[in-house]
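According to our numbering, the sequence shown holds residues 27 to 280 in order. Just so it is clear, CB atoms sit at the ideal spot from N, CA and C, and this is done for glycine as well. Quick caveat, the model's predicted, so the values are computed rather than measured. Here's the structure, in structure tokens; my notes come after.
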Amino acid sequence: MTRLQVGDAELEVRASGSGPAVVLHPSLGRWARDFDPIVPGLVEAGYQAVAVEPRGVAGSTGPAGSLTLDVLAADLAGVVEHVGAPVHLVGHAFGNRVCRQLASSRPEVVRSVTLLGAGGRVPGDPEARAAVGASFDLDAPLEDRLAAVALAFFAPGNDPAVWTDGWFPGAMRAQTGALLAARSDDWWNAGRVPMLVVQGLQDRAAPPENGRMLLTDRPGHTELVEIDGAGHALIPERPAEVTNAIVDFLDRQR
Numbered sequence: 027m028t029r030l031q032v033g034d035a036e037l038e039v040r041a042s043g044s045g046p047a048v049v050l051h052p053s054l055g056r057w058a059r060d061f062d063p064i065v066p067g068l069v070e071a072g073y074q075a076v077a078v079e080p081r082g083v084a085g086s087t088g089p090a091g092s093l094t095l096d097v098l099a100a101d102l103a104g105v106v107e108h109v110g111a112p113v114h115l116v117g118h119a120f121g122n123r124v125c126r127q128l129a130s131s132r133p134e135v136v137r138s139v140t141l142l143g144a145g146g147r148v149p150g151d152p153e154a155r156a157a158v159g160a161s162f163d164l165d166a167p168l169e170d171r172l173a174a175v176a177l178a179f180f181a182p183g184n185d186p187a188v189w190t191d192g193w194f195p196g197a198m199r200a201q202t203g204a205l206l207a208a209r210s211d212d213w214w215n216a217g218r219v220p221m222l223v224v225q226g227l228q229d230r231a232a233p234p235e236n237g238r239m240l241l242t243d244r245p246g247h248t249e250l251v252e253i254d255g256a257g258h259a260l261i262p263e264r265p266a267e268v269t270n271a272i273v274d275f276l277d278r279q280r
């Protein structure tokens, strides 16, 4: 684990393996350990996996008042420059919006961007959106909270207990504020860097229609993989399928 000073933030960064860098940004208010199921596959395929804890998550620190996507993208850019640009970016859910913001504003530091559970245009259903918020109520009984996690993030039949830990309500609130203050037109397309979109077909928080819309909006620059039996959590639900999709895409960018 490395602690990296980036502007007014100090970020925890964990690098594994060697080869072309793949920088991983986690979901809304979540930690980068969510990528643990896919890191070994990336390393085995000859990539360096660089997992970033955003400010306010795990041991990463930095002012969170009036946070913006530009600030979060600048944090990510600092990590990219530390490992050596250009890099491949992989963002899960909210994290892929940060990745898209960086690719839009500084395409020269991004080789490709992979979106896991991409949202932004087609909203999730109201019940799932409410359950996302309830998942961050750390004072609620665990049974109730896991029921919310299951509804918001996991396809029916998948075990939400793997996400018992890793929730950071303060970071969630700051990141939500950044998202609400942003214009989706500024980050939606991620410029014209090569893009892979991986969507769970049972994703109620970021419906699969978002990925299909990106495929239409970015002809010739975008690939879409849809995975059955996966919701918004995606990575712990179908780790092998997610890993294979990413590695196949990255190998074709060499």
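Margin query: For the segment 267 to 274 against the segment 194 to 202, do three or more pairs of beta-carbon atoms, one drawn from each stretch, fall closer than 8 Å, so that the two count as touching?
Written below: no
Margin query: Using a 10 Å radius around the Cβ and a threshold of 16 neighbouring Cβ atoms, would you call Pro-186 buried or exposed?
Written below: The residue labelled residue 186 in the question sits at position 160 within the sequence shown. Buried, because 16 or more other Cβ atoms sit within 10 Å of the Cβ of Pro-186.
Notebook entry, point to check: Can you tell which of Gly-82, Asp-277 and Gln-228 has its C-alpha closest to the C-alpha of Gly-192?
Noted result: The sequence position of residue 192 within the sequence shown is 166, counting from 1. Of the listed residues, the one whose Cα sits closest to Gly-192 is Gly-82.
Next item on the list: Please name the residue, chosen from Leu-50, Ser-53, Gly-255 and Ala-84, that lies closest to Ala-181 on a Cα-to-Cα basis.
Entry: Translated into the one-based positions of the sequence shown, residue 181 becomes position 155. Among Leu-50, Ser-53, Gly-255 and Ala-84, the Cα nearest to that of Ala-181 belongs to Gly-255.
Next item on the list: Can you have a look at Ser-86 and say buried or exposed, based on whether 16 or more other CB atoms are within 10 angstroms of its CB?
Entry: Taking the first residue of the sequence shown as position 1, residue 86 is located at position 60. It is buried - the Cβ of Ser-86 has at least 16 other Cβ atoms within 10 Å.
Check: Between the beta-carbon of Val-48 and the beta-carbon of Leu-68, is there less than 7 Å?
Finding: The sequence position of residue 48 within the sequence shown is 22, counting from 1. The sequence position of residue 68 within the sequence shown is 42, counting from 1. Going by C-beta atoms, Val-48 is nearer than 7 Å to Leu-68.
Note to self: Is the beta carbon of Ala-129 closer than 7 Å to that of Val-136?
What the structure shows: On the sequence shown, position 110 is the one that residue 136 refers to. On the sequence shown, position 103 is the one that residue 129 refers to. Their beta carbons are under 7 Å apart, which means Val-136 touches Ala-129 by this criterion.
Checklist line | Given Ala-208 as reference, the closest of Arg-123, Asn-236, Arg-218 and Asp-163 once Cα atoms are compared | finding: Your numbering for residue 208 matches position 182 in the sequence shown. The candidate whose alpha carbon is nearest that of Ala-208 is Arg-123.
Next item on the list: Take Gly-72 and list the residues in its own chain whose beta-carbon comes closer than 6 Å to its own, dropping the five residues that flank it on each side.
Entry: Translated into positions along the sequence shown, residue 72 becomes position 46. Take Gly-72, set aside five residues on each side of it, and the residues of its chain with a beta-carbon closer than 6 Å to its own are Gly-45, in chain order.
Checklist line | Cutoff 8 Å; reference Glu-134; Cβ partners in own chain excluding five residues on either side | finding: Locating residue 134 in the sequence shown gives position 108, where the first residue counts as 1. Exclusion of the five residues before and after Glu-134 leaves Ala-111 and Pro-112 as the residues of its chain whose Cβ lies within less than 8 Å of its Cβ.
Notebook entry, point to check: For Thr-28, which residues does DSSP report across the bridge?
Noted result: Against the sequence shown, residue 28 aligns to sequence position 2. Thr-28 is bridged to Val-39.
Check: Is it true that the CB of Ala-231 sits closer than 7 Å to the CB of Ala-176?
Finding: Taking the sequence shown and counting its residues from 1, the one referred to as residue 176 is at position 150. Taking the sequence shown and counting its residues from 1, the one referred to as residue 231 is at position 205. Not closer than 7 Å, so no.
Item checked: Limits of the alpha helix (DSSP H) - the one that Gly-121 falls within -> The residue given as residue 121 occupies position 95 in the sequence shown. Where Gly-121 is concerned, the enclosing alpha helix (DSSP H) starts and stops at 120 to 131.
Check: For Glu-38 versus Met-27, is the C-beta spacing smaller than 7 Å?
Finding: As a working mapping, residue 38 is identified with position 12 in the sequence shown. As a working mapping, residue 27 is identified with position 1 in the sequence shown. Cβ atoms of Glu-38 and Met-27: closer than 7 Å.
Next item on the list: Run the CB neighbour count on Gly-121, radius 10 Å, all protein chains shown included, and call it buried at 16 or more, exposed below.
Entry: Here residue 121 is taken as the residue at index 95 of the sequence shown, counted from 1. By the 10 Å Cβ count, Gly-121 comes out buried.
Notebook entry, point to check: Could you give the distance in angstroms between the alpha-carbon of Ile-253 and the alpha-carbon of Trp-189?
Noted result: Counting from one through the sequence shown, the residue named residue 253 turns up at place 227. Counting from one through the sequence shown, the residue named residue 189 turns up at place 163. If I take the Cα positions, the gap works out to 20 Å.
Next item on the list: Round the Cβ separation of Val-105 and Val-76 to the nearest angstrom and send it over; I've been treating them as touching at under 8 Å.
Entry: As a first step, residue 105 is located in the sequence shown; it is residue number 79 there, counting from the start. As a first step, residue 76 is located in the sequence shown; it is residue number 50 there, counting from the start. That belief holds up - the Cβ atoms of Val-105 and Val-76 are roughly 7 Å apart, short of 8 Å.
Check: What separation, rounded to the nearest whole angstrom, lies between the Cα atoms of Ala-99 and Gly-146?
Finding: Taking the first residue of the sequence shown as position 1, residue 99 is located at position 73. Taking the first residue of the sequence shown as position 1, residue 146 is located at position 120. Cα to Cα, the separation comes out at about 17 Å.
Margin query: Between Pro-234 and chain D, is the shortest Cβ-Cβ distance under 7 Å, so that the two count as touching?
Written below: This model lacks chain D altogether; it includes just one protein chain.
Check: Considering only residues of the same chain and omitting the five flanking positions on each side of Leu-142, which have a CB-CB separation below 6 Å?
Finding: Here residue 142 corresponds to residue number 116 of the sequence shown, with the count starting at 1. Answer for Leu-142: His-118, Val-224 and Leu-260, listed in chain order.
Checklist line | Length of the line joining the Cα atoms of Arg-264 and Ala-84 | finding: Reading the sequence shown from its first residue, position 238 is the one you call residue 264. Reading the sequence shown from its first residue, position 58 is the one you call residue 84. One C-alpha to the other measures close to 25 Å.
Checklist line | Glu-153: first and last residue of the uninterrupted beta strand (DSSP E) it sits in | finding: Stepping through the sequence shown from its first residue, residue 153 is reached at position 127. Unbroken run through Glu-153 is the alpha helix (DSSP H), 152 to 161; no beta strand (DSSP E).
Check: Between Ala-204 and the rest of its own chain, which residues show a CB-CB distance below 8 Å, the 5 nearest in sequence each way excluded?
Finding: In the sequence shown, the residue the question calls residue 204 occupies position 178. So the list reads Leu-93, Thr-94, Leu-95, Val-97 and Leu-98, once near-sequence residues are dropped.
Checklist line | CA nearest to the CA of His-108, picked from Phe-194, Leu-240, Trp-214 and Arg-40 | finding: Numbered from 1 along the sequence shown, position 82 holds the residue referred to as residue 108. Here the closest residue by C-alpha is Arg-40.
Notebook entry, point to check: How would you label Asp-101, buried or exposed, when you count the other beta carbons within 10 angstroms and need 16 or more for buried?
Noted result: Within the sequence shown, the letter at position 75 stands for residue 101. So Asp-101 counts as buried.
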